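Have a look at the structure below, then the notes.
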Amino acid sequence: MPELPEVETTRRGIAPHIEGQRVSRILVRQPRLRWPIPETVLERLPPAQLHRVRRRAKYLLLEFETGHLLMHLGMSGSLHIVDPQHDAGKHDHLDLVFDNGQALRLTDPRRFGAVLWLGADPLEHPLLARLGPEPFSNEFAGSYLYRLSRGRKLPVKQFIMNQHIVTGVGNIYASEALFHSGIRPTRPAGKISAVRYQHLADAIKEVLAQAIAQGGTTLRDFVGGDGKPGYFQQQLHVYGRTGLPCSRCGHPLQETRLGNRSSVYCSHCQR
DNA sequence: CCCAAGACCTGGCGGC
DNA sequence: TGCCGCCAGGTCTTGG
39 MPELPEVETT RRGIAPHIEG QRVSRILVRQ PRLRWPIPET VLERLPPAQL
89 HRVRRRAKYL LLEFETGHLL MHLGMSGSLH IVDPQHDAGK HDHLDLVFDN
139 GQALRLTDPR RFGAVLWLGA DPLEHPLLAR LGPEPFSNEF AGSYLYRLSR
189 GRKLPVKQFI MNQHIVTGVG NIYASEALFH SGIRPTRPAG KISAVRYQHL
239 ADAIKEVLAQ AIAQGGTTLR DFVGGDGKPG YFQQQLHVYG RTGLPCSRCG
289 HPLQETRLGN RSSVYCSHCQ R
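Using my numbering, the letters of the first sequence correspond one by one to residues 39 to 309.
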């Protein structure tokens with residue numbers, strides 16, 4: 039579910055319900071996520087006021103007066119505002135219960151997500167310190183991609199999915215941005231011209247912005263923190279469309295595997 | 001540093 | 001129905 043647009047949609051959905059509220063209690067039903075939820079979360083958090091919910095890359099940072107709670111949704115995680123009395127399901131691993139009677143509930147069937155306590159300077163944590171620029175920042179541009187890609191042989195799709203190069207781009211939006219910029223996902227990153235990287239950077243910004251505007255992409259049962267589904271799925275041109283005709287030229291879309299991820303593209307429009 | 005492969009998990013689906 | 005293999009939105013770790 040969660041690439042940058044889904045994480046941002048989640049952030050916008052949950053923030054109004056919990057910003058300014060005080061956590062009164064934490065319920066950990068299943069601590070075994072990607073890493074065990076540390077005891078310090080239980081010890082340090084309640085009672086603490088949540089100032090705001092931020093996002094860096096695909097991470098959410100809950101900024102408390104006492105430090106920062108980092109959350110990552112992995113492949114299958116989601117966050118919802120619930121009545122804490124509401125029965126927890128099998129994959130509801132964590133509740134942050136707030137004074138206003140609502141709870142933030144983390145659901146994550148595959149448990150690739152993470153919940154960590156970061157303390158005072160979250161951006162210096164090893165998981166965040168070396169991340170690439172946010173895609174909507176000025177630093178992220180075609181010239182930046184061009185410069186960092188010189189001499190690199192790996193396929194451009196894997197290059198732009200590397201969070202140390204640019205953050206927030208996952209399998210769906212990498213596939214879509216490459217389609218919109220006419221670049222074949224298998225092309226070695228170091229063999230793409232500066233002008234084509236400008237098109238690619240623009241396409242990444244555009245596809246992510248459009249997806250956020252639509253509330254993300256709904257796959258399986260993803261809904262944002264406000265319970266509304268995402269509608270970007272209706273605008274996918276290649277992802278999940280192997281064998282269907284290209285929306286631009288009509289040729290059947292091809293599929294290959296890169297870095298063990300399925301990669302769909304049009305062999306006619308993407309070179 | 002660069003890159004490929006493996007690892008971590010559960011659930012849904014198609015095929016037999 | 002049941003079992004089996006494969007697939008799924010991520011990313012850290014390991015090893016060459």
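Beta carbons: idealized from backbone N, C-alpha and C, even for Gly.
Source: prediction; values computed, not measured.
Under the rule that 16 or more other beta-carbon atoms within 10 Å means buried, what is Ile52, buried or exposed? Around the beta carbon of Ile52, 16 or more other beta carbons sit within 10 angstroms, so the residue counts as buried.
I need the DSSP call for Glu177, collapsed to helix, strand or coil. Coil, per DSSP.
Beta carbon of Phe197 nearer than 8 angstroms to that of Ser187: Against a cut-off of 8 angstroms, the Cβ pair of Ser187 and Phe197 comes out as a contact.
Nearest residue (CA-CA) to Asp240, options Ser219, Ile230, Gly228: Residue Ser219 is the option with its Cα nearest to Asp240.
With 16 other CB atoms within 10 Å as the buried threshold, where does Ala249 fall? So Ala249 ends up on the buried side.
Who are the near neighbours of Leu280 in its chain, counting only those whose CB is closer than 7 angstroms to its CB and skipping five residues on each side? In the sequence under discussion, the amino acid at residue 280 is Thr, which differs from the Leu named in the question. Excluding residues within five positions, the ones whose Cβ falls inside 7 angstroms are Leu291, Glu293, Val302.
Report yes if the C-beta distance between Leu100 and Gly151 is below 8 angstroms; otherwise report no. Cβ distance not < 8 angstroms, so Leu100 and Gly151 don't count as in contact.
Which residues bound the alpha helix (DSSP H) around Leu296? Segment 292–296 is the beta strand (DSSP E) holding Leu296; no alpha helix (DSSP H) there.
Compute the Euclidean distance between the alpha carbons of Leu65 and Arg149, then round it to the nearest angstrom. Cα to Cα, the separation comes out at about 16 angstroms.
By how many angstroms is the C-alpha of His131 removed from the C-alpha of Gln87? A direct Cα-Cα distance of roughly 22 angstroms separates Gln87 from His131.
Looking at the unbroken alpha helix (DSSP H) that takes in Ala62, where does it start and where does it end? Correcting the residue type first, residue 62 is Ser in the shown sequence and not Ala. From DSSP, Ser62 is part of no alpha helix (DSSP H) but of the beta strand (DSSP E) over 60–66.
For Glu162, count the other beta carbons within 10 Å of its own beta carbon; 16 or more makes it buried, fewer makes it exposed. Which is it? It is exposed - the Cβ of Glu162 has fewer than 16 other Cβ atoms within 10 Å.
Asp133 - partner residues in DSSP beta bridges: Listed as beta-bridge partners of Asp133 by DSSP are Leu65, Arg143.
For Leu216 and Glu244, the rounded distance between their alpha carbons: Each residue's Cα considered, the two are about 12 angstroms apart.
When the Cα atoms are used, what is the spatial distance from Thr224 to Pro76? Taking the straight line joining both Cα atoms gives about 40 angstroms.
Complete runs of the alpha helix (DSSP H) confined to the segment 95–129 [at least 4 residues]: None, since the segment 95–129 contains no complete alpha helix (DSSP H) of that length.
Which residues mark the beginning and the end of the beta strand (DSSP E) in which Gly51 is found? It is not in any beta strand (DSSP E) - Gly51 instead sits in the alpha helix (DSSP H) that spans 42–56.
Expressed to the nearest angstrom, what Euclidean distance is found between the alpha-carbon atoms of Asp133 and Met109? If I take the Cα positions, the gap works out to 13 angstroms.
What are the partner residues of Trp155, as DSSP defines its beta bridges? Under DSSP, the beta-bridge partners assigned to Trp155 are Leu107.
Taking the alpha-carbon positions, what's the Val233 to Gln308 distance? Taking the straight line joining both Cα atoms gives about 15 angstroms.
Classify Gly58 as buried or exposed, calling it buried when 16 or more other Cβ atoms lie within 10 Å of its own Cβ. Per the 10 Å Cβ criterion, exposed.
For Phe136 versus Val61, is the C-beta spacing smaller than 8 angstroms? Yes, Cβ-Cβ distance for Phe136 and Val61 is below 8 angstroms.
In chain order, what are the residue ranges of uninterrupted alpha helix (DSSP H) at least 4 long that sit wholly in the segment 182–239? Whole alpha helix (DSSP H) segments, 4+ residues: 194–199, 209–219.
Please report the straight-line C-alpha distance between Leu42 and Leu246, rounded to a whole angstrom. A direct Cα-to-Cα measurement between Leu42 and Leu246 gives close to 7 angstroms.
So Arg299 is in the beta strand (DSSP E); what residue range does that whole segment cover? Run containing Arg299: 299–303, per the beta strand (DSSP E) assignment.
Is it buried or exposed for His202, if we count other Cβ within 10 angstroms and need 16 for buried? His202 counts as exposed, since fewer than 16 other beta carbons sit within 10 angstroms of its beta carbon.
What three-state label does DSSP hand Arg92 in the structure shown? Note: Arg92 maps to strand in three-state DSSP.
Relative to the C-alpha of Val204, which residue among Cys287, Glu46, Ser175, Gln272 is closest? Checked all of Cys287, Glu46, Ser175, Gln272; the closest Cα to Val204 is Ser175.
Rounding to the nearest angstrom, what Cα-Cα distance links Pro171 and Tyr184 in this structure? C-alpha separation (whole angstroms): 14 angstroms.
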